[in-house]
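Below you'll find the structure, written out as structure tokens, and then a few comments.
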Amino acid sequence: MAANAPLLTTQLKLLIVDDSNVIRRRIERCQQIEHLEVVGLAANGVEAIEIFRRTDPDVVTMDITMPRMDGIECVEQLVAIKPHVLILIISALADKATAVEAMEKGANGFLNKPFSDRQLNEALEELIGGA
Amino acid sequence: MLEEQDIRAFVYGTTRYFEVAAQQAASVGSPYLVTEGAPDIHDYNGVIAVSGRRNGIVCFSAPRGMLTVLLMKMNESNVSHEYLCDLVGEVANTIAGTVRRDLGKDFAISVPTVVAGAGNTVELPIGDRPVVIPINWRSHVAKLVVCLK
């Protein structure tokens, strides 16, 4: 494992990116990973990059369809800033091509909307545990 | 003429939202064809444009009460107009995503737009007769308006 990759036992910082207030708050409220602390909420890719630079998160949940800058482009830019950041795509775009494109840009996991609390936590656990 | 398989994908995308996000299944009522004019719609509408093998729009139209309870079931305490708009857009987004996955080769689906507020109308393609599919959830009834040719 790379020296700057996050460890399961350390406190990790989470940035939530989604253009929907409902989804941002839902992820913030429902995530129950003990060592994961929400450090920022962003409504689009541009805002995400700004908050990312300021808060240096270890984990990001990322929507794809957003105004100003979409999630795919944002993933590419976040990975360029911090190559070991863990990114979970959370999107209603359920087709395989979208998932593959996101992974190729540097995302580490994919969760379809809608999601249950359990599915969200399992996806986050898998993302962090797999680091 | 709409094919049953096409309608199924739109309906599945809708009911799936309730089943997963609210952990309470919705049921589907008897579809009907609107023979004259446009169907009545509710205050909150998520609209997706469809092109490809079929062209037109699909609209998820929900009453305020249904969306309010849905938000509450998702443990959201903010049930403001802004959040209700967000939610109806999310349901439409889920429908769009499901259709892209299931019928992606045949359809291009737009990003949803939200039309909200009393008195607002959803523009339907001229000359097409929409099919309305009632979506029953708890004591509320939403409509899935499918207008494709």
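As they're listed, the protein sequences go chains X and R.
Numbering-wise (this note's numbering), the first sequence opens with residue 306 and increments by one.
Numbering-wise (this note's numbering), the second sequence opens with residue 100 and increments by one.
Think of the CB as a built atom: it goes at the ideal place given N, C-alpha and C, for glycine as much as any other residue.
Note that this is a predicted model, so its numbers are computed, not measured.
Neighbourhood of residue i by C-beta, 7 Å cutoff - its chain only, sequence neighbours within 5 removed
i: Asp142 (chain R); result: Pro162, Arg163, Ala215, Gly216, Ala217
i: Val380 (chain X); result: Met367, Ile392, Ala407, Lys410, Gly411, Ala412
i: Arg228 (chain R); result: Leu132, Val133, Thr134
i: Asn235 (chain R); result: Ala125, Ser126, Gly128
i: Asp324 (chain X); result: Ala348, Asn349, Asp368, Met371, Pro372
i: Phe357 (chain X); result: Leu320, Leu383, Ile386
i: Ile194 (chain R); result: Phe109, Gly112, Thr113, Ile147, Val157, Phe159
Contacting residues, own chain, Cβ-Cβ under 6 Å from residue i (five flanking each side not counted)
i: Gly196 (chain R); result: none
i: Glu118 (chain R); result: Ala124
i: Leu341 (chain X); result: Leu317, Leu319
i: Val230 (chain R); result: Pro130, Leu132, Val245
i: Asp361 (chain X); result: none
i: Asp422 (chain X); result: Cys335
i: Cys158 (chain R); result: Asn144, Val146, Val221, Val244
i: Ala308 (chain X); result: Any reading at Ala308 (chain X) must be qualified, since the residue scores a pLDDT of 47, below 50, and its modelled position is unreliable; no value is offered.
i: Lys172 (chain R); result: Ala121
Residues sharing a beta bridge with residue i, DSSP
i: Tyr143 (chain R); result: R:Ala161, R:Ala215
i: Met367 (chain X); result: X:Val322, X:Ile394
i: Leu186 (chain R); result: In the DSSP output, where bridge partners are listed per residue, Leu186 (chain R) has none listed.
i: Phe206 (chain R); result: R:Gly151
i: Ser126 (chain R); result: R:Asn235
i: Ile338 (chain X); result: According to DSSP, which records beta bridges pairwise, Ile338 (chain X) is partnered with nothing at all.
i: Ile156 (chain R); result: R:Ala148, R:Cys246
i: Leu169 (chain R); result: Leu169 (chain R) pairs with nothing; no bridge assigned.
Opening and closing residue of the alpha helix (DSSP H) in which residue i lies
i: Asn326 (chain X); result: 326-335
i: Glu342 (chain X); result: No alpha helix (DSSP H) holds Glu342 (chain X); the beta strand (DSSP E) holding it covers 341-347.
i: Val230 (chain R); result: Element bounds for Val230 (chain R): not the alpha helix (DSSP H) but the beta strand (DSSP E), 230-236.
i: Lys401 (chain X); result: 401-410
i: Ala137 (chain R); result: Ala137 (chain R) -> no alpha helix (DSSP H), and no H or E assigned at all.
i: Thr114 (chain R); result: 103-120
i: Glu352 (chain X); result: 350-360
i: Val380 (chain X); result: 376-386
CB-CB length for residue i against residue j, believed under 8 Å
i: Ile394 (chain X); j: Met371 (chain X); result: Contact flag wrong, Cβ pair sits at about 12 Å.
i: Val190 (chain R); j: Gly145 (chain R); result: 6 Å
i: Glu430 (chain X); j: Ile332 (chain X); result: Not quite, the Cβ-Cβ distance comes to about 14 Å (not below 8 Å), so this is no contact.
i: Phe109 (chain R); j: Arg153 (chain R); result: At roughly 11 Å, the Cβ-Cβ gap does not stay under 8 Å, so Phe109 (chain R) and Arg153 (chain R) are not in contact.
i: Val327 (chain X); j: Asp185 (chain R); result: 4 Å
i: Lys242 (chain R); j: Ile140 (chain R); result: 7 Å
Neighbourhood of residue i by C-beta distance below 8 Å, restricted to the same chain and skipping five residues each side
i: Gly350 (chain X); result: Val322, Met371, Arg373, Met374, Asp375, Gly376, Glu378, Cys379, Gln382
i: Tyr94 (chain R); result: Given that chain R is displayed from residue 100 to residue 248, the structure contains no residue 94 (chain R) and the question cannot be resolved.
First through last residue of the beta strand (DSSP E) which encompasses residue i
i: Leu429 (chain X); result: Premise fails: Leu429 (chain X) lies in the alpha helix (DSSP H), 422-434, not in any beta strand (DSSP E).
i: Gly414 (chain X); result: 414-417
i: Val245 (chain R); result: 239-247
i: Ile225 (chain R); result: First-last for Ile225 (chain R): undefined, no H or E at that position.
Quiz item: When you check each C-beta in the segment 178-196 of chain R against every C-beta of chain X, which residues fall closer than 8 Å?
Solution: Glu181, Tyr182, Asp185, Leu186, Gly188, Glu189, Asn192, Thr193, Ala195, Gly196
Quiz item: When you check each C-beta in the segment 356-378 of chain X against every C-beta of chain R, which residues fall closer than 7 Å?
Solution: Thr370
Self-check item: Contact set between the segment 379-412 of chain X and chain R, restricted to residues whose Cβ is under 9 Å from the partner
Solution: Ser396, Ala397, Leu398, Ala399, Asp400, Lys401, Ala402, Thr403
Quiz item: Using Cβ-Cβ distances below 9 Å, what residues of the segment 140-174 of chain R are close to chain X?
Solution: Leu170, Met173, Asn174
Self-check item: Positions along the segment 198-229 of chain R whose CB lies within less than 8 Å of some CB in chain X
Solution: Arg199, Arg200, Gly203, Val210
Self-check item: the segment 116-138 of chain R: positions lying closer than 9 Å to chain X by Cβ
Solution: Tyr116, Phe117, Glu118, Val119, Ala120, Ala121, Gln122
Self-check item: Cβ-based contacts, 9 Å cut-off: residues of the segment 334-350 of chain X near chain R
Solution: Arg334, Cys335
Quiz item: Can you list, in chain order, the residues of the segment 315-331 of chain X whose Cβ is nearer than 8 Å to any Cβ on chain R?
Solution: Ser325, Asn326, Val327, Ile328, Arg330, Arg331
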